[in-house]
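Trainee: Sharing a structure below in structure tokens format, with a few things to ask.
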Amino acid sequence: MLMRLQHGLSSLAVGAALAHVVLAGSRAWEAPLTHLISSERHQFQVDAAGHAIVDNATEAHLAKRYLSIQPTAGTSGFKIWPNSVISYCFETQDARDKLMEKLELAIETWRSDGEGGPGLHRDVYKYMEVFDPGSDCVNNDQRDRVLVISYNPDGKLSTTIGMPSLDADNPDYKGPTMALSDAAGIGMLDTVANYAHEIGHAWGLYHEHQNINYWGPPYNTGTISSGIFGDHFDCTVLKDYPDALSRAQQGDTPDDVQLLCKFRGVAAKYKFSAVDWLPVLGGTRMHAGAGGVGQSTPGYANVDWDSIMLYPSGAGGIGNAVPPGGDSDQRANVLLRNDGARMKINLVPSALDIQGVRQLYEGNFGTGTGAFAGLPVMPNSKNSKWFSRFKDKFKKKKGC
């Protein structure tokens, strides 16, 4: 047993409607989600401002434009990390040796907002390594509350969003995971930035470009839509499109071939990376400004173009790319703004990324009296009634 506080370690989220895991890698910046409850072929109800979940008491002071998971009470759904501490361990010693240095650097990028402003304070947002690499990490009775970090040699990245609950309908899911790769030609074309993106998922943030209110028809036919995205989405240039198309053609639903690039549910069904580009419907926590003011249509100013959670236009597209980007990024454009502009590579979290995490953990969900008081507490937390027993066992095992 290892208990080590990492001071060096330390934005759109989906709730119950979609998968626990977001993948990224050689065939896409983040490849298809693996778990889906329903095909998203209808609009979910929103309030007058186009916000999926917002209450009158908090709307006035919520920050703009980020989207995060909608935490749930009880034993199901998505949770935030208790006491804003991510408890983690490494799947193997080799993974720890290969990943720790740059993972620590990625955590440091969350300590400021990219503009010199305050980030996630190291005394509030903490990371605790709670088990030794190997069997202690992957085979313990706290597995559902520990982030297991592994090394992926194939250029793929994946992270569960927040701390998902165990799900009887998904027995393969055992607990939070983060798989990291040091391949240079994927995602942001920067290993530290790629890890920083994954850290955003771990805290509970989802992709900025998948805000349903930023998309127009045919991807969004609701009352709140805009002309930011939709005119220049080309899923056929994604590296895994041919394989996904083949699976759809061999499937038992002929219409899916035409819907593969339109609905996230269909993309997820065929494990197609378009699922991480197409807009999210359903159980999200959408904050003021994300759908404009009142019934107004969101515009370009409503998008956080500096977000670490925003894909660059060529992520996952065919073509070659090498650091640092710019002219060296020859990947085909998967998504452009409707005005034809490309989305740039972002290397550090933005001010709104920071605000998104802070709203989750310091807002009404992170307080002892809020709607989600009583979330599970790890035994290594001083707030746990088992802390003294945990500490004694730890000392005995280490011979202290």
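Just so you know, the sequence shown maps onto residues -24 to -1, 1 to 376 in mature numbering (1 follows the signal peptide of the UniProt record, and there is no 0). Think of the CB as a built atom: it goes at the ideal place given N, C-alpha and C, for glycine as much as any other residue. Predicted, not measured: the structure shown is a model, and the values here were computed from it.
1) Going by C-alpha to C-alpha distance, which of Thr68, Met139, Gly203 sits closest to Asp108?
2) Pick helix, strand or coil for Val124, following the three-state DSSP scheme.
3) DSSP on Met78, reduced to helix/strand/coil?
4) List the endpoints of the continuous beta strand (DSSP E) containing Leu133.
5) Use the C-beta contact count for His97: other C-beta atoms within 10 angstroms, 16 or more gives buried, fewer gives exposed.
6) Do His183 and Tyr287 have their CB atoms nearer than 8 Å?
7) Taking all protein chains shown into account, decide if Pro194 is buried (16 or more other Cβ within 10 angstroms of its Cβ) or exposed.
8) Does the distance from the CB of Leu156 to the CB of Leu133 come in under 8 Å?
9) Cα separation between residue 382 and Gly161?
10) Can you pull the DSSP bridge partners for Asp305?
11) Counting beta carbon pairs with one atom in the segment 198 to 218 and one in the segment 325 to 333, are three or more of them shorter than 8 Å?
12) If you draw a straight line from the alpha carbon of Thr167 to that of Gly301, how long is it in whole angstroms?
13) Quick one: what's got a C-beta closer than 7 Å to Val242's C-beta in the same chain, skipping five residues either side?
14) Please say whether Ala172 and Val324 have beta carbons closer to each other than 8 Å?
15) Could you work out which residue in Ala244, Pro274, Ser141 is closest to Tyr217 when comparing CA atoms only?
16) With distances taken Cα to Cα, identify the nearest neighbour of Ile83 among Pro58, Ala169, Lys55, Asp70.
17) The beta strand (DSSP E) with Glu105 in it runs from where to where?
18) What are the partner residues of Trp191, as DSSP defines its beta bridges?
19) Between Gln306, Arg87, Leu142, His177, which lies nearest to Met154 when the distance is taken from Cα to Cα?
20) So what does DSSP say about Ile330, is it helix, strand or coil?
21) Check whether the Cβ atoms of residue 377 and Ala297 lie closer than 8 Å to each other.
22) Identify which residue in Pro129, Trp191, Asn115, Glu174 has its Cα closest to the Cα of Gly151.
23) Nearest CA to the CA of Met104: which residue from Phe248, Lys238, Ser60, Asp210?
24) For Asp280, which residues in the same chain have their Cβ closer than 6 Å to its Cβ, ignoring the five residues on either side in sequence?
25) In angstroms with no decimal places, state the Cα-to-Cα distance between Tyr64 and Arg119.
26) Which residues share a DSSP beta bridge with Phe54?
27) Residues in the same chain with beta-carbon distance under 6 Å from Gly206, minus the five sequence neighbours each way, listed in chain order, please.
28) Using only alpha-carbon positions, find the residue among Met139, Met76, Asp303 that is nearest to Trp57.
29) Who are the Cβ neighbours of Ala224 in its own chain at under 6 Å, not counting the five residues just before and after it?
30) Assuming the contact rule is C-beta atoms closer than 8 Å, Ser289 and Asn314 should be a hit. Round their C-beta distance to whole Å, please.
31) With H, G and I counted as helix, E and B as strand and the rest as coil, what does DSSP make of Tyr64?
32) In terms of alpha-carbon separation, which member of Leu257, Asp73, Gly203, Glu91 lies closest to Asn322?
33) Grouping DSSP H, G and I as helix and E and B as strand, with all else coil, what is Ala155?
34) For Pro58 and chain D, any beta-carbon pair shorter than 8 Å?
35) Of the choices Ser283, Thr136, Val106, whose alpha-carbon is the least far from that of Trp179?
36) Among the residues of its own chain, which have a CB less than 7 Å from the CB of Asp282, if the five just before and after it don't count?
Mentor: Short version:
1) As a position in the sequence shown, residue 108 is number 132, starting the count at 1. Checked all of Thr68, Met139, Gly203; the closest Cα to Asp108 is Thr68.
2) Start at 1 with the first residue of the sequence shown, and residue 124 comes out as number 148. Here Val124 sits in strand by DSSP.
3) Here the question's residue 78 lines up with position 102 in the sequence shown. Per the sequence shown, the amino acid found at residue 78 is Lys instead of Met. Here Lys78 sits in helix by DSSP.
4) For this step, residue 133 is matched to residue 157 along the sequence shown. Note, Leu133: beta strand (DSSP E), 133 to 136.
5) For this step, residue 97 is matched to residue 121 along the sequence shown. Flag for His97 reads exposed.
6) Counted from its first residue, the sequence shown places residue 183 at position 207. Counted from its first residue, the sequence shown places residue 287 at position 311. The answer is yes: Cβ separation under 8 Å.
7) Counted from its first residue, the sequence shown places residue 194 at position 218. Exposed, by the Cβ-count rule.
8) Here residue 156 refers to the residue found at position 180 when the sequence shown is read from its first residue. Here residue 133 refers to the residue found at position 157 when the sequence shown is read from its first residue. In this structure, Leu133 lies closer than 8 Å to Leu156 by Cβ.
9) Residue 382 falls outside the range modelled here, since the chain spans only -24 to 376, and no answer is possible.
10) Mapped onto the sequence shown, residue 305 falls at position 329. Its beta-bridge partners are Ala297.
11) no
12) As a first step, residue 167 is located in the sequence shown; it is residue number 191 there, counting from the start. As a first step, residue 301 is located in the sequence shown; it is residue number 325 there, counting from the start. Thr167 and Gly301: Cα-Cα distance of roughly 13 Å.
13) By 1-based counting over the sequence shown, the position of residue 242 is 266. So the list reads Ser15, Asp232, Leu235, Leu236, once near-sequence residues are dropped.
14) Numbered from its first residue, the sequence shown carries residue 324 at position 348. Numbered from its first residue, the sequence shown carries residue 172 at position 196. Cβ distance < 8 Å, so Val324 and Ala172 count as in contact.
15) In the sequence shown, the residue the question calls residue 217 occupies position 241. Out of Ala244, Pro274, Ser141, Ala244 has the C-alpha closest to the C-alpha of Tyr217.
16) One-based indexing of the sequence shown puts residue 83 at position 107. The shortest Cα separation from Ile83 among Pro58, Ala169, Lys55, Asp70 belongs to Ala169.
17) Stepping through the sequence shown from its first residue, residue 105 is reached at position 129. From DSSP, the beta strand (DSSP E) with Glu105 extends over 102 to 105.
18) As a first step, residue 191 must be located in the sequence shown, where it is residue number 215. According to DSSP, which records beta bridges pairwise, Trp191 is partnered with Phe205.
19) Working through the sequence shown from its first residue, we reach residue 154 at position 178. Taking only the C-alpha atoms, the option nearest Met154 is His177.
20) The sequence position of residue 330 within the sequence shown is 354, counting from 1. Ile330: helix per DSSP, three-state reduction.
21) One cannot answer for residue 377 here, as it falls past the ends of the chain, which runs -24 to 376.
22) Looking up residue 151 in the sequence shown gives position 175. Of Pro129, Trp191, Asn115, Glu174, the residue nearest in Cα terms is Asn115.
23) Numbered from its first residue, the sequence shown carries residue 104 at position 128. Met104 has its Cα closest to that of Ser60, out of Phe248, Lys238, Ser60, Asp210.
24) Here residue 280 corresponds to residue number 304 of the sequence shown, with the count starting at 1. Result list for Asp280: Arg41, Glu184, Ser326, Leu328, in chain order.
25) As a first step, residue 64 is located in the sequence shown; it is residue number 88 there, counting from the start. As a first step, residue 119 is located in the sequence shown; it is residue number 143 there, counting from the start. Distance between the alpha carbons of Tyr64 and Arg119 is about 10 Å.
26) Counted from its first residue, the sequence shown places residue 54 at position 78. Answer is Pro140, bridged to Phe54.
27) To locate residue 206, count along the sequence shown from 1; it is residue 230. Only Trp191, Gly192, Tyr195 meet the Cβ criterion.
28) Translated into positions along the sequence shown, residue 57 becomes position 81. Closest option to Trp57, Cα to Cα, is Met139.
29) Numbered from its first residue, the sequence shown carries residue 224 at position 248. Excluding residues within five positions, the ones whose Cβ falls inside 6 Å are Asp232, Val233, Leu236, Tyr246.
30) Walking along the sequence shown from the start, residue 289 turns up at place 313. Walking along the sequence shown from the start, residue 314 turns up at place 338. Not a contact, Cβ separation roughly 13 Å.
31) For the purposes of this step, residue 64 is taken as residue 88 along the sequence shown, with counting starting at 1. Strand.
32) The count along the sequence shown starts at 1 and reaches residue 322 at position 346. Selected option, being the one with the closest Cα: Glu91.
33) Taking the sequence shown and counting its residues from 1, the one referred to as residue 155 is at position 179. Ala155 falls in the strand class under three-state DSSP.
34) Within the model displayed, chain D is absent; a lone protein chain is all it includes.
35) Stepping through the sequence shown from its first residue, residue 179 is reached at position 203. Of Ser283, Thr136, Val106, the residue nearest in Cα terms is Thr136.
36) On the sequence shown, residue 282 is found 306 positions in, with the first residue counted as 1. Taken in chain order, the residues that qualify are Gly90, Asn322, Ser326.
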